[in-house]
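Enquirer: Numbering (our numbering), first residue to last: 310 to 385.
Just so it is clear, CB atoms sit at the ideal spot from N, CA and C, and this is done for glycine as well.
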């Protein structure tokens with residue numbers, strides 16, 4: 310499943326789940342990035358304990374995204 314709304318929303322996933330990235334403008338001119346993830350399916354409980362934590366990867370992704378977005382905004 311893929312859904313893309315430029316400057317607002319990206320949904321990426323498959324039959325086992327999806328990840329949704331949202332960009333929302335704050336009243337002060339800043340942008341809030343949020344990410345939600347839903348994983349599941351009938352076979353998920355069989356291998357759920359084998360999936361490592363991706364917290365550090367997600368934190369790095371968001372930090373890099375923030376840095377790039379701020380760099381782009383400085384050029385405008």
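Terminal residues of the continuous alpha helix (DSSP H) containing residue 381?
Expert: From DSSP, the alpha helix (DSSP H) with residue 381 extends over 364-383.
Enquirer: With residue 342 and residue 330 assumed to form a contact (beta carbons below 8 Å), what rounded beta-carbon distance in angstroms separates them?
Expert: 7 Å
Enquirer: Hey, how far is the Cα of residue 347 from the Cα of residue 383?
Expert: 34 Å
Enquirer: Excluding the 5 residues flanking residue 335 on each side, which residues of the same chain have their C-beta closer than 7 Å to its C-beta?
Expert: 341
Enquirer: Does the beta-carbon distance from residue 356 to residue 325 come in below 8 Å?
Expert: no
Enquirer: By alpha-carbon positions, which one of 345, 379 and 381 ends up nearest to residue 367?
Expert: 345
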